[in-house]
Amino acid sequence: MGLIKIFSGKETIATKLQTAVEAENVMVTQRENKQNSGNTAIIELFIEEDNFMKVRDVIEDFKMNM
6 MGLIKIFSGK
16 ETIATKLQTA
26 VEAENVMVTQ
36 RENKQNSGNT
46 AIIELFIEED
56 NFMKVRDVIE
66 DFKMNM
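Using the working numbering, you'd call the opening residue of the sequence shown number 6 and step up by one each time.
Here it is, written out as structure tokens:
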């Protein structure tokens with residue numbers, strides 16, 4: 006299947022979410038949004054669509070506790 010975006014935001018937060026998702030043995034693809042003209046990098050995280058159900062609760066818990 007394809008990639009789905011699970012997060013877009015600051016690098017520090019993206020790194021924490023990526024660590025939580027990878028702890029569930031799901032590989033995360035990270036891309037930097039280069040269209041951002043500000044000083045803060047916007048990071049986008051993607052996972053394989055097939056893996057979403059494995060980490061759905063991890064992602065929801067993370068976003069609720071941000």
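The beta carbon of each residue, even a glycine, is placed where N, CA and C say it ideally should be. Since we're looking at a predicted model, the values are computed, not measured.
Residue closest to residue i, alpha-carbon to alpha-carbon, out of the options
| i | options | result |
| --- | --- | --- |
| residue 48 | 36, 58, 10, 59 | 36 |
| residue 59 | 29, 45, 34 | 29 |
Beta-carbon gap between residue i and residue j smaller than 8 Å
| i | j | result |
| --- | --- | --- |
| residue 54 | residue 9 | yes |
| residue 25 | residue 67 | yes |
Boundaries of the alpha helix (DSSP H) in which residue i is found, first to last residue
| i | result |
| --- | --- |
| residue 2 | In this structure the chain extends from 6 to 71, so residue 2 is not present and cannot be described. |
Inter-residue Cα distance where the pair is residue i and residue j
| i | j | result |
| --- | --- | --- |
| residue 11 | residue 50 | 6 Å |
| residue 61 | residue 46 | 25 Å |
- 4 or more residues per run - each alpha helix (DSSP H) lying fully within the segment 14-49: 16-27
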